[in-house]
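Colleague:
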Amino acid sequence: MELLTDNALMLQVKSSELDRLGLLFKRYGRSLYGFYFRITRDEALSEDLVQDVFERVLKYRHTYRGDGKFITWLFHLARNVLADHLKKTKKAGISTDIDKKQDVLPDLSVPEEARQKEEQLQLMEKALDHLPLDKKELLLLSKLQGVKYKDIAELHHCTEANVKVRVFRAVQDLKEVFMKLQAKSINI
Amino acid sequence: MNDERHQEMLLDYLQGNLDEAQLQEFQTLVESGQIREEELQTLQATYAAFDQLPAPEPGPGMEAKFRHMLAAAHKEQAGLDKPQYTWGGLWEHLQALLSPLKVAYTLIVFGLGFLVAWLAFVPGQQQYDTDVQVLAAELGQVKQMLFTTLIEQPAAVDRLKAVNISRELPEADEKVIDALFHSLNQDPNVNVRLAAIEALKKHTAKPEVREQLILSINGQESPMVQLALADLMQTLQEKNAVPQLRQLLQDKNTNEMVRDRIQESINILI
Chain A
93 MELLTDNALM LQVKSSELDR LGLLFKRYGR SLYGFYFRIT RDEALSEDLV
143 QDVFERVLKY RHTYRGDGKF ITWLFHLARN VLADHLKKTK KAGISTDIDK
193 KQDVLPDLSV PEEARQKEEQ LQLMEKALDH LPLDKKELLL LSKLQGVKYK
243 DIAELHHCTE ANVKVRVFRA VQDLKEVFMK LQAKSINI
Chain B
920 MNDERHQEML LDYLQGNLDE AQLQEFQTLV ESGQIREEEL QTLQATYAAF
970 DQLPAPEPGP GMEAKFRHML AAAHKEQAGL DKPQYTWGGL WEHLQALLSP
1020 LKVAYTLIVF GLGFLVAWLA FVPGQQQYDT DVQVLAAELG QVKQMLFTTL
1070 IEQPAAVDRL KAVNISRELP EADEKVIDAL FHSLNQDPNV NVRLAAIEAL
1120 KKHTAKPEVR EQLILSINGQ ESPMVQLALA DLMQTLQEKN AVPQLRQLLQ
1170 DKNTNEMVRD RIQESINILI
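Below, the structure is given as structure tokens:
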């Protein structure tokens, strides 16, 4: 059986076949969670934000026209949910300082090579957390499967070339932080 | 490296999106030193590490929460699907109903419904009888009123109608009988008098009616009325009328034919 496209599924949701949203959740729930988790580093909060996004999908389903890519529309809602959350936490004076997160101690029972790889990944996660939110968000969006620079350009209301340059600069910044963190870990 | 085109190209290189021609161009840039090799390697290492980051896995609670939310949305939608009654909607329905064809159809359906309901819930026979009696009494009253009104009208036709109506009255009271005798004795029109005789035939079971009929014989001048009364006396076998009939027989003004007939009646009565 041919898989229904995101657009077809969303149009069915729009025409009150709400169960179809379950398939879209299966396709994009994890991506959204990853996007939110890398920004907030909070599992429960990330799950809540994903929930918020799908609630908005239902709430604004009548506005879905189906003339663009579903994923662009979905991440447009996701970015709004994130912006609203950040506004709320800022207003409430809640600290979202990611540096307070404790570093995980290296597990000595695993082989050396695997341990080194694990350490690199942890450094990369840490390096990501040192980037400003807009650059981090841009990098995370570019890493998502199915999201093209054209889609990000649509989300950011700019040209595709402009997005590419901004992503490259974000990669450059990431490299700087990553290198520093690597040097720091060797010195320790 | 500050060149935006180079930056775009570098990103495509890191992501493996360059085609052969672009790759050759890129190599030339690296060889010419426009893109520094050392920086390229650190960028490659960084991007590879970034690209290898595993996707964070949500807990099982996320899907459960989603299912719960979806079920709630279903419930809400079911509530919204119920018909909403608004004045606007009512008006639209009324407009649809107001087309002549639909009005006719509605009336037929209503009439059939009424008939079915009438047949299904017809009141008890006793109630029915009572109603009929009431209706009959009311009809009788109306007829009596009509009779008293018409009998006084100047036109003979109206008076004739009144006399005929009196024949339909189930129980004529004294007023009606008096009015009929008044017509029989006083009415200028022979036809009205004859009709009065016909109407009074119905009440001949009453002795006072027969008595007045007998008295009326001598007051009549019209041969037709005289004959009708003589016949009636003969039919009623009213021997008390014989003196009156004889008196009429002796009257010189009485018509020859009437005399013969009266004689015949007297013979039968005696």
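Residue numbers (the working numbering), protein chains in the order written: chain A, 93 to 280; chain B, 920 to 1189. In this text, a Cβ means the ideal position worked out from N, Cα and C, and glycines have one as well.
Any idea what DSSP makes of A:N172, helix, strand or coil?
Modeller: Here residue 172 of chain A refers to the residue found at position 80 of the first sequence. Helix, per DSSP.
Colleague: Within 8 Å of any Cβ in chain B, is that where the Cβ of A:L233 sits?
Modeller: One-based indexing of the first sequence puts residue 233 of chain A at position 141. Chain B, which has no Cβ nearer than 8 Å to the Cβ of A:L233, makes this no.
Colleague: Quick check: what's the CA-CA separation for A:E135 versus A:V105?
Modeller: Taking the first residue of the first sequence as 1, we reach residue 135 of chain A at position 43. Taking the first residue of the first sequence as 1, we reach residue 105 of chain A at position 13. A:E135 and A:V105: Cα-Cα distance of roughly 28 Å.
Colleague: Measuring CA to CA, which of B:V1109, B:L937, B:Y1024, B:A1074 is closest to B:G1138?
Modeller: Within the second sequence, the letter at position 219 stands for residue 1138 of chain B. Here the closest residue by C-alpha is B:V1109.
Colleague: Just checking: is the beta-carbon of B:A1036 within a distance shorter than 8 Å of some beta-carbon in chain A?
Modeller: Reading the second sequence from its first residue, position 117 is the one you call residue 1036 of chain B. No, B:A1036 lies away from the interface with chain A (no Cβ there is under 8 Å from its Cβ).
Colleague: Run through DSSP, which three-state label would B:Q1139 get?
Modeller: One-based indexing of the second sequence puts residue 1139 of chain B at position 220. Coil, per DSSP.
Colleague: Using a Cβ cut-off of 9 Å, which residues of the region 934-956 of chain B contact any Cβ in chain A, in chain order?
Modeller: Within the region 934-956 of chain B, the residues whose Cβ lies closer than 9 Å to some Cβ of chain A are Q934, listed in chain order.
Colleague: Give the straight-line distance between the Cα atoms of A:V269 and A:A219, rounded to the nearest whole angstrom.
Modeller: Translated into the one-based positions of the first sequence, residue 269 of chain A becomes position 177. Translated into the one-based positions of the first sequence, residue 219 of chain A becomes position 127. Each residue's Cα considered, the two are about 6 Å apart.
Colleague: Need the endpoints of the alpha helix (DSSP H) that B:A1098 sits in, please.
Modeller: Position 179 of the second sequence, counted from the start, is the residue given in the question as residue 1098 of chain B. Here the alpha helix (DSSP H) through B:A1098 covers 1093-1105.
Colleague: Does any residue of chain A have a CB that is nearer than 8 Å to the CB of B:G985?
Modeller: Numbered from its first residue, the second sequence carries residue 985 of chain B at position 66. With the sequence shown as reference, residue 985 of chain B is identified as Phe, and Gly is not the correct amino acid for it. It does; some Cβ of chain A falls within 8 Å.
Colleague: Under a three-way DSSP split, which group does B:E1157 fall into?
Modeller: Taking the second sequence and counting its residues from 1, the one referred to as residue 1157 of chain B is at position 238. Coil.
Colleague: Going along the chain, which residues of its own chain have a beta-carbon closer than 8 Å to the beta-carbon of A:A245, five neighbours each way excluded?
Modeller: Numbered from its first residue, the first sequence carries residue 245 of chain A at position 153. Contacts found: T251, E252, N254, V255.
Colleague: Determine whether the beta carbon atoms of B:A1114 and B:L1079 lie at a separation below 8 Å.
Modeller: Within the second sequence, the letter at position 195 stands for residue 1114 of chain B. Within the second sequence, the letter at position 160 stands for residue 1079 of chain B. Yes, Cβ-Cβ distance for B:A1114 and B:L1079 is below 8 Å.
Colleague: So is B:V1028 buried or exposed if we call it buried at 16+ other beta carbons inside 10 Å?
Modeller: The count along the second sequence starts at 1 and reaches residue 1028 of chain B at position 109. Result: exposed.
Colleague: Taking 8 Å as the limit between beta carbons, can you name the residues of its chain near B:L1168, skipping five residues before and five after?
Modeller: Position 249 of the second sequence, counting from 1, holds the residue named residue 1168 of chain B. These residues qualify, in order along the chain: R1178, I1181, Q1182, I1185.
Colleague: In angstroms, rounded to a whole number, what distance separates the CA positions of B:L989 and B:M981?
Modeller: The residue labelled residue 989 of chain B in the question sits at position 70 within the second sequence. The residue labelled residue 981 of chain B in the question sits at position 62 within the second sequence. Approximately 12 Å, taken between the alpha carbons.
Colleague: Using 8 Å for Cβ pairs, my map puts B:V1128 next to B:L1134. What's the rounded Cβ distance?
Modeller: By 1-based counting over the second sequence, the position of residue 1128 of chain B is 209. By 1-based counting over the second sequence, the position of residue 1134 of chain B is 215. Contact flag wrong, Cβ pair sits at about 11 Å.
Colleague: Please return the same chain residues whose Cβ sits closer than 6 Å to the Cβ of B:F1066, not counting the five positions on each side in sequence.
Modeller: Counting from one through the second sequence, the residue named residue 1066 of chain B turns up at place 147. Contacts found: A1081, I1084, S1085.
Colleague: Kindly list the residues whose CB is nearer than 8 Å to the CB of A:L247, restricted to its own chain and excluding five residues on each side of it in sequence; keep chain order.
Modeller: As a position in the first sequence, residue 247 of chain A is number 155, starting the count at 1. Closer than 8 Å at Cβ, skipping near neighbours: T164, F167, H168, R171, L233.
Colleague: Which chain B residues are close to A:E135, counting only those with a beta carbon under 7 Å from its beta carbon?
Modeller: Here the question's residue 135 of chain A lines up with position 43 in the first sequence. Neighbours of A:E135 on chain B, chain order: G978.
Colleague: Taking 8 Å as the CB-CB cut-off, is A:G160 touching chain B?
Modeller: Indexing the first sequence from 1 puts residue 160 of chain A at position 68. No - not a single Cβ of chain B is within 8 Å of the one on A:G160.
Colleague: DSSP state of A:D265, grouped into three classes?
Modeller: Along the first sequence, one-based indexing puts residue 265 of chain A at 173. DSSP places A:D265 in helix when its eight states are reduced to three.
Colleague: Answer yes or no: do B:T947 and A:V263 have a C-beta to C-beta separation smaller than 8 Å?
Modeller: As a working note, residue 947 of chain B is residue 28 in the second sequence. As a working note, residue 263 of chain A is residue 171 in the first sequence. No. Outside cutoff.
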